[in-house]
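Undergrad: Sequential numbering of the sequence shown, starting at 1, is according to UniProt numbering.
Idealized CB from N, CA, C, for every residue including glycine.
One structure follows; several queries about it will come next.
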Amino acid sequence: MDNDLEVANYGQDLYVRVAASELEANADRSKKQSRIIIAVTLSVASAVIILASISWFIIWKMRRNKSSRPDNQANISGVEGERDDLELPLFDMVTIEAATNNFSAANKMGAGGFGPVYKGELLSGQEIAVKRLAENSGQGLQEFKNEVLLISQLQHRNLVKLLGCCIQGEERMLIYEYMPNRSLDSLIFDEARRCSLNWQKRLDIVIGIARGLLYLHRDSRLRVIHRDLKVSNILLDSEMNPKISDFGMAKIFGGNQTESKTKRVVGTYGYMSPEDTQWQEEQAVFSSRPQTKSPWSCMETLARRKRLGPNGCVA
């Protein structure tokens with residue numbers, strides 16, 4: 001059907017006949033254009049919202065990492081000759097609390113100068129040992145830094161494996177593989193358990209300790225002197241393989257360096273070398289030559305007798 005358009009021009013009426021199909025086509029074209037405009041507008045708005053959400057998430061993530069990362073690095077930094085950007089897994093506090101049953105007394109394995117040690121179990125079923133820095137440990141923070149920087153870069157079957165650490169607020173913890181047979185001293189000095197160590201087993205333990213020391217002194221990429229080697233720092237796995245632990249007092253040597261100076265003598269009386277116990281100078285000299293204290297650990301293992309008597313005197 002045709003439609004007539006009436007136009008008034010200078011007092012005269014002008015009529016134009018237009019096909020109805022053309023009007024409908026124009027109307028359909030206008031509707032399509034409107035739909036396209038609406039679709040494009042909605043698409044652009046959706047894209048803007050999605051991009052804004054992604055940007056906000058990235059910024060939030062970066063701020064969150066920024067708030068925690070510098071604190072972690074600052075508390076690991078400061079150890080002589082080492083870098084801060086370590087590739088070491090970080091455990092969160094919630095995971096450690098769940099693993100140790102909130103540091104319950106039943107999970108406590110012992111304590112040392114660094115702080116208490118707890119047994120734990122991760123959700124994966126892996127057993128761990130958690131070494132928690134005590135609040136009143138003045139020397140512990142430096143030991144924490146030393147252990148993180150050293151053990152994370154050393155790998156040997158006769159060295160205890162550091163799985164990661166936890167740094168949250170004032171908390172500082174080291175997470176190790178769990179050693180079911182505990183420390184060597186708890187075995188060889190226990191009247192009930194010492195019988196399980198025959199001569200061959202004791203000899204194998206001594207050989208394992210020697211291999212670990214050889215790796216530290218010569219074969220590792222870092223030349224390390226332990227400086228506090230004793231039977232309580234030798235841990236035993238389920239197959240009685242010895243693993244050297246507690247590197248808080250350790251010292252790193254340069255590639256061709258054979259001697260170094262220290263302002264203090266460290267170690268445990270009874271296991272220290274004679275030159276350490278008799279030093280008179282303000283700065284003692286120690287070397288990368290085999291440590292005099294390591295034979296005492298070997299002798300205690302083989303003889304199953306303590307180097308120190310009950311009164312603290314050398315036997």
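Does DSSP put serine 183 in a helix, a strand or coil?
TA: Here residue 183 corresponds to residue number 183 of the sequence shown, with the count starting at 1. Note: serine 183 maps to strand in three-state DSSP.
Undergrad: Classify tyrosine 178 as helix, strand or coil using the three-state DSSP reduction.
TA: Along the sequence shown, read from residue 1 onward, the residue named residue 178 stands at position 178. Correct three-state label for tyrosine 178: coil.
Undergrad: Helix, strand or coil, according to DSSP, for phenylalanine 253 in the structure here?
TA: Residue numbering aside, residue 253 sits at position 253 when the sequence shown is read from its first letter. The answer is strand: DSSP assigns phenylalanine 253 an E or B state.
Undergrad: How many angstroms separate the CA atom of alanine 105 from the CA atom of glycine 120?
TA: As a working note, residue 105 is residue 105 in the sequence shown. As a working note, residue 120 is residue 120 in the sequence shown. One C-alpha to the other measures close to 12 angstroms.
Undergrad: How big is the Cα-Cα spacing for threonine 292 and asparagine 102?
TA: Taking the sequence shown and counting its residues from 1, the one referred to as residue 292 is at position 292. Taking the sequence shown and counting its residues from 1, the one referred to as residue 102 is at position 102. For threonine 292, the pLDDT reaches just 45, beneath the cut-off of 50, and the residue's location in the model is therefore unreliable, leaving the point undetermined.
Undergrad: Just curious, the alpha helix (DSSP H) that glutamine 200 is in, first and last residue?
TA: The residue given as residue 200 occupies position 200 in the sequence shown. Glutamine 200 -> alpha helix (DSSP H) spans 199-214.
Undergrad: If we count the other Cβ atoms within 10 Å of its Cβ and call it buried at 16 or more, is arginine 227 buried or exposed?
TA: Indexing the sequence shown from 1 puts residue 227 at position 227. Flag for arginine 227 reads buried.
Undergrad: Kindly give me the distance between the Cβ atoms of glutamate 170 and methionine 93, rounded to whole angstroms, as I take these residues to be in contact under 8 angstroms.
TA: Here the question's residue 170 lines up with position 170 in the sequence shown. Here the question's residue 93 lines up with position 93 in the sequence shown. The Cβ separation is near 11 angstroms, so there is no contact.
Undergrad: Tell me which same chain residues have a C-beta within less than 6 angstroms of the C-beta of glutamate 127, skipping the five on either side of it?
TA: Here residue 127 is taken as the residue at index 127 of the sequence shown, counted from 1. Excluding sequence neighbours, glutamate 127 sits near Glu121, Tyr178.
Undergrad: So what does DSSP say about lysine 119, is it helix, strand or coil?
TA: What you label residue 119 is simply residue 119 of the sequence shown in a count that begins at 1. It is a strand residue.
Undergrad: Alpha carbon to alpha carbon, how far is cysteine 195 from serine 238?
TA: Taking the first residue of the sequence shown as position 1, residue 195 is located at position 195. Taking the first residue of the sequence shown as position 1, residue 238 is located at position 238. Approximately 17 angstroms between the Cα atoms of the pair.
Undergrad: Would DSSP call glutamine 153 helix, strand or coil?
TA: Looking up residue 153 in the sequence shown gives position 153. Here glutamine 153 sits in coil by DSSP.
Undergrad: Below 6 angstroms CB to CB, which residues in the same chain sit around proline 89 once its five sequence neighbours on both sides are set aside?
TA: Position 89 of the sequence shown holds residue 89. Cβ within range, chain order: Gly164.
Undergrad: Quick one: residues in its chain with C-beta nearer than 6 angstroms to the C-beta of leucine 235, no 5 flanking neighbours on either side, listed in chain order?
TA: Within the sequence shown, residue 235 is the residue found at index 235, counting from 1. If we look at leucine 235 and ignore the five residues flanking it on each side, its Cβ neighbours are Val160, Met179, Ser183, Lys243, Ser245.
Undergrad: Can you say whether lysine 201 is buried or exposed, counting buried as having 16 or more other CB atoms within 10 angstroms of its CB?
TA: Counted from its first residue, the sequence shown places residue 201 at position 201. Lysine 201 is exposed by the Cβ-count criterion.
Undergrad: Straight-line CA distance for lysine 145 to asparagine 198?
TA: Taking the sequence shown and counting its residues from 1, the one referred to as residue 145 is at position 145. Taking the sequence shown and counting its residues from 1, the one referred to as residue 198 is at position 198. Roughly 38 angstroms separates the two Cα atoms.
Undergrad: Given a threshold of 16 other Cβ atoms within 10 Å of its Cβ, counted over all protein chains shown, does glycine 125 qualify as buried or as exposed?
TA: Sequence index remark: in the sequence shown, residue 125 carries index 125 (1-based). Label assigned to glycine 125: exposed.
Undergrad: Quick check: what's the CA-CA separation for lysine 61 versus lysine 31?
TA: Your numbering for residue 61 matches position 61 in the sequence shown. Your numbering for residue 31 matches position 31 in the sequence shown. Approximately 45 angstroms between the Cα atoms of the pair.
Undergrad: Once the 5 residues before and after glycine 81 are set aside, which same chain residues still bring their CB inside 7 angstroms of it?
TA: Numbered from its first residue, the sequence shown carries residue 81 at position 81. Model confidence at glycine 81 stands at a pLDDT of 40, short of 50, so the residue's coordinates are unreliable; what they give is reported in the following sentence. Correct list, in chain order: Ile252.
Undergrad: In whole angstroms, what separates the C-alpha of leucine 154 from that of leucine 213?
TA: On the sequence shown, position 154 is the one that residue 154 refers to. On the sequence shown, position 213 is the one that residue 213 refers to. Approximately 12 angstroms between the Cα atoms of the pair.
Undergrad: Roughly how many angstroms separate the alpha carbons of asparagine 158 and glutamate 191, rounded to a whole number?
TA: Within the sequence shown, numbered from 1, the residue matching residue 158 stands at position 158. Within the sequence shown, numbered from 1, the residue matching residue 191 stands at position 191. Roughly 26 angstroms separates the two Cα atoms.
Undergrad: Between which two residues does the alpha helix (DSSP H) carrying methionine 93 extend?
TA: Walking along the sequence shown from the start, residue 93 turns up at place 93. Segment 93-99, the alpha helix (DSSP H) holding methionine 93.
Undergrad: With H, G and I counted as helix, E and B as strand and the rest as coil, what does DSSP make of methionine 240?
TA: In the sequence shown, counting from the first residue as 1, residue 240 sits at position 240. Correct three-state label for methionine 240: coil.
Undergrad: Using beta-carbon positions only, say whether glycine 208 and asparagine 181 come within less than 8 angstroms of one another.
TA: For the purposes of this step, residue 208 is taken as residue 208 along the sequence shown, with counting starting at 1. For the purposes of this step, residue 181 is taken as residue 181 along the sequence shown, with counting starting at 1. Taking 8 angstroms as the Cβ cut-off, glycine 208 and asparagine 181 do not qualify as a contacting pair.
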